[in-house]
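Chemist: No gaps in the numbering here: position 216 of the sequence shown is 555 in the numbering used here, and each next residue is one more.
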Amino acid sequence: MECGTLILRGSPSTLIASCGGEVYVVDPGHGRKRAKQVRREILKHGPSRVTFLVTHFHSDHYTSLAEGLLDSLEAPVAVAAPRVDAPALRDPLLRVTLTFGYPLPGDSGLLTYDPLPVRVDSEIDPPTRIGPFEVVPLPGHTPGQVGVVAPDGTLYAADSLFGERVLARFGAPYHFDPCRALETLHWIRDHLGRYEAIQPSHGPLTRAAEAEALVDANIDAVSRLLTHAREALEKRYTLDEATRHVAKSMGAPGDPGLLLLIQATVRGALACLHARGEATALADDGLVRWSVAPKESR
Ligand SMILES: [Zn+2]
C-alpha cells in the first residue's frame with residue numbers, strides 16, 4: 340500500500356504517515372497548541388483510524404494526547420508505546436521519579452513539562468512493525484526507547500541523538516543510562532547506510548551525507564560525559580560533586596531544573612560503570628562516595 344509521510348516540525352518534531360485512510364503519528368508532542376496542529380494535519384487525510392506511537396516516556400513527546408488531541412478525534416484511536424516505558428506514560432509520578440530521581444509533583448516549579456497521565460492501548464516490544472513503520476530499539480535515553488524507520492528511509496531517532504544546537508545548549512545530553520545510549524549511537528552509526536536521512540526529535544532533518552557528523556558529535560558528547568564520570572571516580576566524589584564536575588567540564592548552564600537532569604544522567608553513568616565493574620560505592624561519615632572499583636572485583 341502507498342503511504343505518504345511528512346514531518347511536522349517542532350521540538351519534538353512529529354512523524355505522520357497516511358496509508359489508505361489509516362493515519363499513524365509518531366510523537367505528537369506537548370501542549371494544547373500542538374494538539375490542534377497535529378489534529379489539523381490528521382484530519383486532512385479523513386482517517387478511518389488513527390494510531391499514535393510514542394517513542395519513550397518523556398512528557399514533551401506525547402502529553403498533547405491528554406491536552407485535547409485524543410478527545411477531539413472522531414475516528415477510532417489507539418496509543419502504542421514501548422512495553423518497558425509504558426507504565427511511566429500512565430503514571431506521572433513514576434515518570435518524574437525515573438527522569439529526575441526525585442518524586443517531584445507537577446506543580447514543583449522544577450519540571451520542564453506538565454506530567455499528565457496518558458493511556459496506553461498497546462505495549463510493543465521492538466524490533467516490530469506498526470503499520471508502515473519498522474520499529475527499532477534505541478535504549479539508553481530511557482530504558483525502553485524506540486525509533487521508527489519510515490517508508491521513505493528516514494530514521495526517526497527520537498532522543499537517541501540530538502541536533503548540534505541542542506547539544507551545545509544543554510552541554511551534557513540527558514540519558515537514563517549513558518553506557519547503553521553510547522552503544523545505541525554506535526549501532527546507529529554502523530547502520531547509517533540503510534537510511535536516507537536521520538530525524539532527531541529535537542533538531543533538523545539530516546540527510547545521509549551529513550548524518551555521520553551528527554552521530555559522531557553525539558558519540559563525542561556521551562563519551563566525554565563518561566570520561567568525566569570516570570574522573571569523578573578517581574577523585575572519590577559524591578553524586579553532587581560528580582554532577583558539578585561533569586556540568587562544569589561540559590559547560591552546562593546552572594539552572595536547577597537542568598542540573599537535576601544532569602545529576603540524573605551522572606547517577607545513570609555511575610550506575611552503569613558500577614554494573615561494568617569499574618565503580619564502587621564507599622560510605623564516608625554519612626556520605627556516599629563513588630570510587631574506582633578495586634582491581635580484584637573487575
Ligand atoms: Zn526524551
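Where a beta carbon is used, it is the ideal one built from N, C-alpha and C, also for glycine. Just so we're clear, the structure is a prediction, and the values are computed from it rather than from any experiment.
Find the nearest neighbour of Ala624 within the set Thr523, Ala610, Thr577 and Ser352, judged by alpha-carbon distance.
Modeler: Taking the sequence shown and counting its residues from 1, one reaches residue 624 at position 285. Per the sequence presented here, residue 624 reads as Asp, with Ala not at that position. Of Thr523, Ala610, Thr577 and Ser352, the residue nearest in Cα terms is Thr577.
Chemist: On the premise that Ala520 lies in contact with His480, defined as a C-beta separation below 8 Å, what is that separation, rounded to the nearest angstrom?
Modeler: The residue you call residue 480 lines up with position 141 of the sequence shown. The residue you call residue 520 lines up with position 181 of the sequence shown. Their Cβ separation, rounded to whole angstroms, is 6 Å, which keeps His480 and Ala520 in contact under 8 Å.
Chemist: Please go through the segment 532-586 and give each complete beta strand (DSSP E) segment of 3 or more residues, from N-terminal end onward.
Modeler: Fully enclosed beta strand (DSSP E) runs of 3 or longer: 536-539.
Chemist: So, at 8 Å on beta carbons, what are the nonlocal neighbours of Gly381 in its own chain, with the 5 sequence-adjacent residues on each side left out?
Modeler: Numbered from 1 along the sequence shown, position 42 holds the residue referred to as residue 381. Correcting the residue type first, residue 381 is Ile in the shown sequence and not Gly. Only Ile355, Val362, Val364, Val389 and Leu412 meet the Cβ criterion.
Chemist: Within 10 Å of its beta-carbon, does Leu621 have 16 or more other beta-carbons around it, so buried, or fewer, so exposed?
Modeler: Residue mapping note: residue 621 aligns to position 282 of the sequence shown, counting from 1. Label assigned to Leu621: exposed.
Chemist: With DSSP collapsed to three states, give me the class of Ser428.
Modeler: Along the sequence shown, one-based indexing puts residue 428 at 89. Strictly speaking, residue 428 in this sequence is Leu, with Ser absent from that position. In this structure, Leu428 counts as helix in the three-state DSSP scheme.
Chemist: Using a strict less-than 5 Å threshold between each residue's beta carbon and the heavy atoms of ligand 1, what residues do you get?
Modeler: This criterion selects His397 and Asp498.
Chemist: Are the CB atoms of Leu408 and Ala420 nearer to each other than 7 Å?
Modeler: The residue labelled residue 408 in the question sits at position 69 within the sequence shown. The residue labelled residue 420 in the question sits at position 81 within the sequence shown. Not a contact, by the Cβ cut-off of 7 Å.
Chemist: Counting only the same chain and skipping the five closest in sequence on each side, list residues whose C-beta sits under 6 Å from that of Gly343.
Modeler: Taking the sequence shown and counting its residues from 1, one reaches residue 343 at position 4. Excluding positions up to five away in sequence, the list reads Ser357.
Chemist: With DSSP as the reference, please indicate the residues paired to Arg388 in a beta bridge.
Modeler: Position 49 of the sequence shown holds residue 388. Arg388 is bridged to Glu361.
Chemist: If you draw a straight line from the C-alpha of Glu570 to the C-alpha of Arg606, how long is it?
Modeler: As a working note, residue 570 is residue 231 in the sequence shown. As a working note, residue 606 is residue 267 in the sequence shown. Near 14 Å, if we compare the C-alpha coordinates of Arg606 and Glu570.
Chemist: Quick one: is Ala614 buried, meaning 16 or more other Cβ sit within 10 Å of its Cβ, or exposed?
Modeler: Walking along the sequence shown from the start, residue 614 turns up at place 275. When all chains shown are included, Ala614 counts as exposed.
Chemist: Check this for me: beta carbons of Thr545 and Ile558, under 7 Å apart or not?
Modeler: As a first step, residue 545 is located in the sequence shown; it is residue number 206 there, counting from the start. As a first step, residue 558 is located in the sequence shown; it is residue number 219 there, counting from the start. In this structure, Ile558 does not lie closer than 7 Å to Thr545 by Cβ.
Chemist: Using the DSSP secondary-structure output, state which residues sit across from Cys342 in a beta bridge.
Modeler: As a working mapping, residue 342 is identified with position 3 in the sequence shown. BP columns for Cys342 point to Cys358.
Chemist: Rounded to whole angstroms, what is the Cα-Cα separation between Tyr513 and Val416?
Modeler: Counting from 1 along the sequence shown, the entry for residue 513 is found at position 174. Counting from 1 along the sequence shown, the entry for residue 416 is found at position 77. Rounded to the nearest angstrom, the two C-alpha atoms are 31 Å apart.
Chemist: Can you look up Gly448 in the DSSP assignment and give me helix, strand or coil?
Modeler: As a working mapping, residue 448 is identified with position 109 in the sequence shown. Coil, per DSSP.
Chemist: Excluding the five sequence neighbours on either side, which residues of its own chain have a C-beta within less than 8 Å of the C-beta of Ala489, listed in chain order?
Modeler: Here residue 489 is taken as the residue at index 150 of the sequence shown, counted from 1. So the list reads Thr344, Leu354, Ala356, Pro471, Phe472 and Tyr495, once near-sequence residues are dropped.
Chemist: Count the other CB atoms within 10 Å of the CB of Leu564; is the residue buried (16 or more) or exposed (fewer)?
Modeler: Counted from its first residue, the sequence shown places residue 564 at position 225. Classification for Leu564: buried.
Chemist: On the three-state DSSP scale, how would you describe Leu626?
Modeler: Residue 626 sits at position 287 when you count from the first residue of the sequence shown. Leu626 falls in the strand class under three-state DSSP.
Chemist: Pairs of beta-carbons, one from the segment 398-406 and one from the segment 441-457, closer than 8 Å: are there three or more?
Modeler: Judged by Cβ distances under 8 Å, the segment 398-406 makes contact with the segment 441-457, as three or more pairs qualify.
Chemist: Residues bridged to Leu347 by DSSP?
Modeler: For the purposes of this step, residue 347 is taken as residue 8 along the sequence shown, with counting starting at 1. DSSP output for Leu347 lists Thr353 as bridge partner(s).
Chemist: Taking just the CA atoms, how far does Val561 sit from Ser387?
Modeler: What you label residue 387 is simply residue 48 of the sequence shown in a count that begins at 1. What you label residue 561 is simply residue 222 of the sequence shown in a count that begins at 1. Taking the straight line from one Cα to the other gives about 43 Å.
Chemist: Output needed for Leu600: all residues of its chain with C-beta closer than 6 Å, excluding positions within five of it in sequence on either side, in chain order.
Modeler: Along the sequence shown, one-based indexing puts residue 600 at 261. If we look at Leu600 and ignore the five residues flanking it on each side, its Cβ neighbours are Tyr513.
Chemist: Under the three-state reduction of DSSP, which class applies to Pro595: helix, strand or coil?
Modeler: Position 256 of the sequence shown, counting from 1, holds the residue named residue 595. Helix, per DSSP.
Chemist: So Ala520 is in the alpha helix (DSSP H); what residue range does that whole segment cover?
Modeler: Here residue 520 refers to the residue found at position 181 when the sequence shown is read from its first residue. Pro517 to Asp529 is the extent of the alpha helix (DSSP H) around Ala520.
Chemist: Output the distance between the C-alpha atoms of Ala511 and Ala405, rounded to the nearest integer angstrom.
Modeler: Position 172 of the sequence shown holds residue 511. Position 66 of the sequence shown holds residue 405. Ala511 and Ala405: Cα-Cα distance of roughly 30 Å.
Chemist: On the CB-based measure, 16 or more other CB atoms within 10 Å of its CB, does Asp516 come out buried or exposed?
Modeler: Residue numbering aside, residue 516 sits at position 177 when the sequence shown is read from its first letter. Buried.
Chemist: Is it buried or exposed for His530, if we count other Cβ within 10 angstroms and need 16 for buried?
Modeler: Taking the sequence shown and counting its residues from 1, the one referred to as residue 530 is at position 191. Exposed, by the Cβ-count rule.
Chemist: On the DSSP bridge assignment, give the partners of Tyr495 in chain order.
Modeler: Taking the sequence shown and counting its residues from 1, one reaches residue 495 at position 156. Answer is Val487 and Gln538, bridged to Tyr495.
Chemist: With DSSP as the reference, label Val631 as helix, strand or coil.
Modeler: Here the question's residue 631 lines up with position 292 in the sequence shown. Reduced to three states, the DSSP call for Val631 is strand.
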